[in-house]
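K.L.:
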Amino acid sequence: MSTATAAGVAAAVLNRIDTWEGKVSYLAHRFTGRKTASGERFDPNALTMAHKTLPFGTLVRVTNPLNGKSVQVRVNDRGPFIAGRVADLSHAAARQIDMLRAGVAHVRLEIVSAFN
């Protein structure tokens, strides 16, 4: 599949589902410096997220409905690999929505930009 075709397919998928809810967790510091699926190194201080299918570079707003706090993150990795979870956040992103203590939170995800 060409890059243009892949981009078109991804855009069509994103246009159908641009907001959803689910459980997220965050990645431990022990992953610091390891390569992500996108090829960049994991930085727990960056505002990033792992998602199973969203294209790398997609910007997503993650909102914690319990406190109304939100953060904008960029997809740069694949995962999570635990059943029932929709994404893994970086430590910095988890801190911004105040979910560090809980470890797992039910959040709302909204696509902000399909590619960046």
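Under our numbering, think of the first position of the sequence shown as 137, with each following residue one higher.
Ideal Cβ positions, reconstructed from N, Cα and C, are used throughout, including at glycine.
Values in this document were obtained by computation on a predicted structure and should not be read as measured data.
1. In the segment 170-214, which residue ranges form an unbroken beta strand (DSSP E) of at least 3 residues, counting only runs that do not cross its ends?
2. CA-CA distance, residue 155 and residue 248?
3. Can you tell which of 188, 184, 189 and 191 has its C-alpha closest to the C-alpha of residue 197?
4. With DSSP run on the structure shown, which of helix, strand or coil describes residue 237?
5. Going by beta-carbon coordinates alone, are residue 200 and residue 243 separated by less than 9 Å?
6. What's the C-alpha gap between residue 236 and residue 230?
7. Rounded to the nearest angstrom, how far is the Cβ of residue 161 from that of residue 216, given a contact under 8 Å?
8. Establish whether the CB of residue 222 and some CB of chain C are separated by less than 9 Å.
9. Just verifying my parser: in three-state terms, what is the DSSP assignment at residue 149?
10. Please report how far the alpha carbon of residue 202 lies from the alpha carbon of residue 177, in whole angstroms.
11. Quick one: what's residue 166 bridged to in DSSP?
P.N.:
Concretely, from the data shown:
1. As far as the segment 170-214 is concerned, its whole beta strand (DSSP E) runs of at least 3 residues are 184-186, 195-200 and 205-213.
2. Along the sequence shown, one-based indexing puts residue 155 at 19. Along the sequence shown, one-based indexing puts residue 248 at 112. Rounded to whole angstroms, the gap between the alpha carbons of residue 155 and residue 248 is 10 Å.
3. For the purposes of this step, residue 197 is taken as residue 61 along the sequence shown, with counting starting at 1. Minimum Cα-Cα distance from residue 197 among the listed residues 188, 184, 189 and 191 corresponds to 184.
4. Looking up residue 237 in the sequence shown gives position 101. Annotated three-state conformation of residue 237 is coil, per DSSP.
5. Within the sequence shown, residue 200 is the residue found at index 64, counting from 1. Within the sequence shown, residue 243 is the residue found at index 107, counting from 1. Contact flag set, yes.
6. Taking the first residue of the sequence shown as position 1, residue 236 is located at position 100. Taking the first residue of the sequence shown as position 1, residue 230 is located at position 94. Going from the Cα of residue 236 to the Cα of residue 230 covers about 6 Å.
7. Locating residue 161 in the sequence shown gives position 25, counting from the first residue. Locating residue 216 in the sequence shown gives position 80, counting from the first residue. The C-beta distance from residue 161 to residue 216 rounds to 6 Å, short enough to meet the 8 Å contact threshold.
8. Included in the structure is just one protein chain, with no chain C present.
9. As a working note, residue 149 is residue 13 in the sequence shown. Confidence is the limiting factor: at residue 149 the pLDDT is only 48, short of 50, which leaves the residue's position unreliable, though a coordinate-based value still follows. It is helical.
10. One-based indexing of the sequence shown puts residue 202 at position 66. One-based indexing of the sequence shown puts residue 177 at position 41. In this structure, the alpha-carbon of residue 202 lies about 31 Å from that of residue 177.
11. The residue labelled residue 166 in the question sits at position 30 within the sequence shown. In DSSP, residue 166 forms no bridge with anything.
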